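Residue numbers (the numbering used here): 73 to 401.
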């Protein structure tokens, strides 16, 4: 059997193997993307995508970035936004001194060690991409279109007053929510509620006053991955504290104080598009969320390297289905 060298191991990592490996890596910190957007993806061959967003009866479009309004076409009940898909790219390197260390291993041991190194580099890259993707997804979860720099290009808001929880029966409020979702989507769909902590505090106090906690009651606390969630009449109220920065660099909460947003658990509400990487090898494969090129020697004998890339944007198709709530003092 021929001696296994580092260069030989690199030839084992074909484009298909690289693409398969990077798209099978489990990323951390993508709760919002995984739960709401991942199942509904659309591949795009070019650098731009057309986001088709349903207006709904009370949806108002705000173009927040300079010149962003020129990207919008009003097609009756649809806003069509032509947008360049944000691109994120990183380079990975295995330097000469690392190669020398791998060369001290023999046979299958070297293959496994080098493969683990490549997998580790891929994991580092996808974790970085995941952080950006999660921020963009969080913005889209509330009707915002966010570009690759974190700038909010558009925001879809409603001119309908939030449903106020103060001094109302909880079941009556849930009926209002069901009716509002049904009017927007056409059917009643499951949902959960992301809420400012003060909203949950006030709702829990109201439930306690009604004797809903304890035996026979309809309210309880649940621990979900370390987050204390209020469950009331089978509906989950999840505290949400994420923030974003406006055009002036001022930090703003996604959910205002004592307010909440109903998030439908429907594939008809959230989507993401992903494009082909800006790399010559990408022409050989169909677009995927993550791209990784085949390893190749670096200049001047410095080692070996490969490129990775993500080109994607998540968005909300039906911002009118994001029902706003509040709990007045």
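Each residue gets a CB set at the ideal place from its N, CA and C atoms; glycine is no exception.
Quick caveat, the model's predicted, so the values are computed rather than measured.
Could you check where the alpha helix (DSSP H) with residue i kicks off and where it finishes?
| i | result |
| --- | --- |
| residue 77 | Taken as a continuous stretch (DSSP letters only), residue 77 belongs to no alpha helix (DSSP H), as it is neither H nor E. |
| residue 262 | Unbroken run through residue 262: none, as it is neither H nor E. |
| residue 271 | 269-281 |
| residue 210 | 179-213 |
| residue 92 | 87-96 |
For my contact list, residue i and residue j are in at a C-beta cut-off of 8 Å; report their separation, rounded to the angstrom.
| i | j | result |
| --- | --- | --- |
| residue 334 | residue 395 | 4 Å |
| residue 76 | residue 183 | 7 Å |
| residue 90 | residue 364 | 4 Å |
Mind checking whether residue i and residue j have CB atoms under 8 Å apart?
| i | j | result |
| --- | --- | --- |
| residue 325 | residue 272 | no |
| residue 40 | residue 166 | This structure gives no information on residue 40, because the portion of the chain shown stretches from 73 to 401. |
| residue 202 | residue 101 | yes |
| residue 356 | residue 162 | no |
| residue 314 | residue 303 | no |
| residue 208 | residue 93 | no |
| residue 217 | residue 123 | yes |
| residue 398 | residue 234 | yes |
| residue 299 | residue 309 | no |
| residue 113 | residue 347 | no |
Go to residue i, then tell me how far its beta strand (DSSP E) extends in each direction, as first and last residue.
| i | result |
| --- | --- |
| residue 296 | 291-296 |
| residue 145 | 144-147 |
| residue 163 | 159-167 |
| residue 324 | 323-325 |
| residue 155 | 150-156 |
| residue 229 | 224-230 |
| residue 331 | 331-336 |
| residue 300 | 299-304 |
| residue 344 | 342-347 |
| residue 286 | From DSSP, residue 286 is part of no beta strand (DSSP E); its letter is neither H nor E. |
| residue 176 | Neither: residue 176 is in no beta strand (DSSP E) and is coded neither H nor E. |
| residue 397 | 396-398 |
| residue 108 | Premise fails: residue 108 is in no beta strand (DSSP E) and is neither H nor E. |
| residue 123 | 120-126 |
| residue 315 | 315-317 |
| residue 308 | 307-311 |
Return the CA-CA distance between residue i and residue j, expressed in angstroms with no decimal places.
| i | j | result |
| --- | --- | --- |
| residue 267 | residue 85 | 46 Å |
| residue 369 | residue 80 | 12 Å |
| residue 192 | residue 400 | 49 Å |
| residue 198 | residue 383 | 12 Å |
| residue 388 | residue 206 | 14 Å |
| residue 306 | residue 215 | 26 Å |
| residue 106 | residue 257 | 22 Å |
| residue 269 | residue 277 | 12 Å |
| residue 386 | residue 212 | 6 Å |
| residue 78 | residue 164 | 16 Å |
| residue 255 | residue 318 | 31 Å |
| residue 150 | residue 343 | 15 Å |
| residue 95 | residue 121 | 22 Å |
- Validate contact between the region 369-376 and the region 338-346 using beta carbons, cut 8 Å, 3 pairs: no
- Query: Should the region 166-185 be called in touch with the region 351-365, which here means at least 3 C-beta pairs below 8 Å?
  - Reply: no
- Please confirm if the region 241-250 is in contact with the region 209-228, defined as three or more CB-CB distances below 8 Å between the two stretches. no
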